[in-house]
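Chemist: Note that the sequence shown covers residues 2 to 49 in the working numbering. Sharing a structure, written as structure tokens. Questions coming.
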Amino acid sequence: SPRLLYLHIVGNAVEGTTLRIEKTYWGGEEGDSVYRWLRVLIDEPFVL
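Structure follows, in structure tokens:
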């Protein structure tokens with residue numbers, strides 16, 4: 002079964018900057034990946 006063996010977020014999480022992903026995938030041909038970024042504030046409820 003497909004697996005993500007390694008994931009590293011590179012960059013500074015500051016408004017206006019770009020973050021990128023370094024990853025290692027295993028398990029056949031990798032399809033298109035989708036990344037979704039969420040901002041979670043400590044003092045507010047977390048809802049998806």
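Glycine is no exception: its CB is placed at the ideal position from the N, C-alpha and C atoms.
Measuring alpha carbon to alpha carbon, tell me which of 15, 35 and 44 ends up nearest residue 5.
Modeler: Considering only alpha carbons, the answer is 35.
Chemist: Mind checking who residue 25 pairs with in its DSSP beta bridge?
Modeler: DSSP lists 7 as partners of residue 25.
Chemist: Would you tell me roughly how many angstroms separate the C-alpha atoms of residue 15 and residue 28, rounded to the nearest one?
Modeler: Answer to the nearest angstrom: the Cα atoms are 34 Å apart.
Chemist: Just how far apart, CA to CA, sit residue 24 and residue 38?
Modeler: Rounded to whole angstroms, residue 24 to residue 38 spans 16 Å at the Cα level.
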